[in-house]
Each structure stands twice: as structure tokens, then as C-alpha cells.
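S.K.:
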């Protein structure tokens, strides 16, 4: 309803305004702005080669700055909370783990910016939560920023918390809850970067992981690094002997049923109470019947015909020391190394650390390492952009050739793209934004607007050249075409710049994404405007200079 009301009222007011006063377009041509633009343009055309050279130097400088900008997948958003995930080595007793968790939560609650703290250690009773006792997950809910200390930012707050929670034997990781969950579901790790070590032997995997931990601990950009330690425990190992089972007439199911109910226990039925709550009934031998290995070996296996055969007569029963947990990755045993970063993007860190490990780490035959983390999505997005952006530019160029019926003028229009990037790159570098998917989207929208304004200028200059009289010079015709319709050209640029100018100063949810998108457009529109208003007319004159030079050269050859 509001949209319909706005359309009706706006249309009625425009009709009323323009019926009362009509301003011819020609009146704008006599304004001071046009006169100043005309004189400035004539000066630029007079020194067109120097001006064009300065523009090319700016493009080269922007390309050089672009190589030094870091790469990332998406900007870091502010979720209004923090997920504190310290990791430690295996072997922590349950009671000790609970006490450590309580002490950490008490320290976090002392910060005035913290509203509530919820801590968890171990795993929930679900197959989707693989967290061991070695990993703590504490969700810290923050208060409104209006209640924070003066000058306090989220980065400073995390730094203070990290200093206050330096605990011997723990490696701190600070992430955001939603981002961390998505990251763990998609990459399997809770840190921005991780390394998968694959191979056939568990002990060798642990040794290689610890070597990587030692190498990366002092590597530039590493905040913390920890390799998984494979904890071991004592297990009752029952291996069926098929030949002896056949001799005694015992099936595998009968033997395994004895193992299941005698040692492990299993649910056999659900009991429903008066409130319709179903409670599972678990059956297991009493501990006094299985508290020694000899008693386990003597556990009777009941056959279908009612005979009882000792378990040791049909299987080998032993106590073995084995890993508590095995990781399987693509059918291979694997171990993880978790790396938390500081002052570097994941893509840049992986690029440098991969080269470092390739030179200094020697892997035994059959073992390999693979980097994982959110940086992989950065590489995938950039790979798609390397295909999409050139195809888009080729399509735009083809449409320009069809519209102008001139390759030279189409190329001249397309030159607005690199000149538009100049302002975008300089502003992006000044604001410290890495090259994320959001920034790339901002550049794509900038290219579209830059080409659009370039088309306007080329079309008006072509129109002025078509009307040129014999006593009018080529330069005067180009200047007339450039000055013509200056208002729509400036309005196109001003509309975009003014509409985006408030975004860098805005705060609130989603602004972390919007600011990197707006930065290339704001800076790029400034350089694009300079290019369209001054560089494009200069290039028209330079092209005409080249034509005259070629004509004079051909005349000399014929003479």
C-alpha cells in the first residue's frame, strides 16, 4: 500500500511542478559549472598525452596495490556473541574438566560487556556432536554496545579475554557461534585453517601432526596451533574363531548376542509410564560376573538347542590397548592439526605455510597432508569469478560493437573499466578491506555503471561529430559533445555516490557485508567520473591524431 501511495503521489507532484515551470535543457548550458568544465576540458585536451600518461600510471599503480591486498571468503560479521573454544590434550578427568570450565566461565562473566555465559564440555547425546572432553565450548552473550566501556571494540574485548584466560595446557580459539557451526559442518574444523594428515598407521599420524605443530608454532601469522593427540584405553577385544564355532555348532549371532548383553549391555524393550514417557530397559550382566578377564572368557554362549558353550571356546578374548577414537577421511585414517590466525587472511596464510611445509617437512611413503578450512571457499569463488567476469566483459564488448558499429569506440568505452578500478582499489586499500566475495560483487556493479556512463559520453560525442560543420574543428566538436547533457551524466554519478555515501558510517546488522560492497563503488565512481568527463574526450582526440598521422604517412608513400 505504501508503494502504491508513493507512486501515485510522486507522479501527481511531478505533473504539478512541471506544469507550473518548464526549464529548457539549453538553459543549463549557460551555467557556471558548464563554463568551468568546458575550460578545464580544453586544458586537458591541450595536454592530452601527459594527462593520458598520468591516467595509465594510475592504472598501473592500482594494479600493483591490488596484488598486495589480502584474500578472504566473506567479511567477518558481528553476531553479538562470542564462542570461546579452548582445546587441551587427552587425559583430563571429568571432575577436573568441569572445575576448569566453571573457573573459565567465572572469569568471562567478570567483563562488564558480558551479559551471560553458557559453557559445555564433552559431547551431547547425539551423533551430530563429535566433541570430546578435550574441547570446551562456551557461548558468551554480549550486552548492547551502548553499555560497553568507552573506546572498547570487539577485537579489544576478545584480546582482553584471551589474556585473562591463558591457562596452562589449553589453546584458546575465539570465533562466532553461527560462523563456527557453519565452518565445522562444512570443513570439519573449528579454526579458520586446519591440516589433515592421512596415512595407514595411527602412531605415525600422531608423530607427523606433532612435527607440523612444532614447525608452525613460530610461523608468521600463527596465533595458536595444536595437533590432535590420540588417547588410548584398554578394551576387551573379542575375535570370533569360525572353525571352533563350527565345531561347537555356535553361530556368529549367538556369540555376539552374549558379548552384547554380557559386556556392553543393550536396550531390549521400552517401558511406558502413566505420562506416556517411554523409558528404555537395558539388559546387562551384573558386574560381579564380568569384572575379570577369566569371568568374561567363561561367559556362556547359549545355542539354539539350549547348550551352553564358554565364550573362550569359540572366540579369542583379550584385553588390548587401542585408540579411543579414530578419524576416517575418504576411507583413510587421519589426524587433524588446528591453526588459529592473527593479522593475516586464511588464503594468504595457507599459500605461505604450504610452501614452508613443502620445503621443511618430509613425509614417509603412503602419508599425505591436505589443507582445509574456509579458504577453500575463497579459492572456489575466485575460480568462478575468473570465468564469469571475463565472459561478462566479452558480452558487454560485443553489445557495444553492435551498438556503435565501431571497434575503436567500443574499446574506448571499455577502457572505463580499468580506470574505474583505480578509485575502488585505492579506497579499498585505504580502508583495509581484503579481497572478499562481497568486494568482488561491488566491483562487478561498478563495472556496469562505469560502462553505462562511458556509453553516454561516447554517444553524445558521436552525435556532436555527426553535426560538425566544415568551419568547426574536431576538438571543438568533441568539447561540444562532452558538454552536452552534462546534467544526466553528473546525475548518474551523483545518485550512486550519494546513495552509498552513508553506508561507511552506518552501524548495525549486515553492515559488515554492505561496507565492502559499497567501497569499490564509491571510490570507483570518482575515478570513473574523471575518466568519462576528461579522459574519454582526450582519447577521441588522440585517436583522431593517429588517423591524421596515418593519412599523412600514406600520402607521403604515394607521393
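Numbering (our numbering), first residue to last: 3 to 561.
Heads up, the beta-carbon is just placed ideally off N, CA and C, and yes, glycines get one too.
Between residue 157 and chain C, is there a C-beta pair that is closer than 9 Å?
M.R.: Of the protein chains in this structure there is only one, and it is not chain C.
S.K.: In or out: residue 183 buried (at least 16 other Cβ within 10 Å) or exposed?
M.R.: exposed
S.K.: Please confirm whether residue 498 and residue 523 have their CB atoms less than 9 Å apart.
M.R.: yes
S.K.: So, is residue 176 buried or exposed, given that buried needs 16 or more other C-beta atoms within 10 angstroms?
M.R.: buried
S.K.: Excluding the 5 residues flanking residue 208 on each side, which residues of the same chain have their C-beta closer than 8 Å to its C-beta?
M.R.: 229, 230, 231, 232 and 337
S.K.: Is the number of C-beta pairs between the region 488-497 and the region 425-440 that are closer than 8 Å three or more?
M.R.: no
S.K.: By the DSSP assignment, the alpha helix (DSSP H) with residue 428 in it spans what residues?
M.R.: 418-433
S.K.: Assuming residue 551 is part of the alpha helix (DSSP H), what are its boundary residues?
M.R.: From DSSP, the alpha helix (DSSP H) with residue 551 extends over 538-560.
S.K.: What is the residue span of the beta strand (DSSP E) that residue 331 lies within?
M.R.: 329-331
S.K.: In chain order, what residues of the same chain lie with their CB nearer than 8 Å to the CB of residue 395, ignoring the 5 residues before and after it?
M.R.: 416, 419 and 449
S.K.: Among 117, 433, 266 and 226, which one has its Cα closest to the Cα of residue 289?
M.R.: 266
S.K.: Which full runs of the beta strand (DSSP E) of 3+ residues lie inside the region 290-370, going along the chain?
M.R.: 302-304, 310-312, 317-325, 329-331 and 334-343
S.K.: Would residue 340 be called buried (16 or more neighbouring beta carbons within 10 Å of its own) or exposed?
M.R.: buried
S.K.: Taking all protein chains shown into account, do 16 or more other C-beta atoms lie within 10 angstroms of the C-beta of residue 69, making it buried, or fewer, making it exposed?
M.R.: exposed
S.K.: Could you check the C-alpha separation between residue 59 and residue 544 for me, to the nearest Å?
M.R.: 17 Å
S.K.: Could you check how far apart the C-beta atoms of residue 211 and residue 227 are, in whole angstroms? I think they sit under 8 Å.
M.R.: Wrong, their Cβ atoms sit about 10 Å apart, outside the cutoff.
S.K.: Entirely within the region 440-519 and at least 4 residues each: give me those alpha helix (DSSP H) ranges in chain order.
M.R.: 476-485 and 488-502
S.K.: From the DSSP output, read off the bridge partner residues of residue 172.
M.R.: Beta-bridge annotation (DSSP): residue 172 is paired with 90.
S.K.: Under the rule that 16 or more other beta-carbon atoms within 10 Å means buried, what is residue 282, buried or exposed?
M.R.: exposed
S.K.: On the DSSP letters alone, give me the boundaries of the beta strand (DSSP E) that residue 151 sits inside.
M.R.: Where residue 151 is concerned, there is no enclosing beta strand (DSSP E), given that its DSSP letter is neither H nor E.
S.K.: Have a look at 156, 555 and 546 and flag the residue whose alpha-carbon is nearest the alpha-carbon of residue 51.
M.R.: 546
S.K.: List the whole-angstrom C-beta distance separating residue 317 from residue 243, where the pair is believed to meet the contact cut-off of C-beta under 8 Å.
M.R.: So it is a contact: roughly 6 Å between Cβ atoms.
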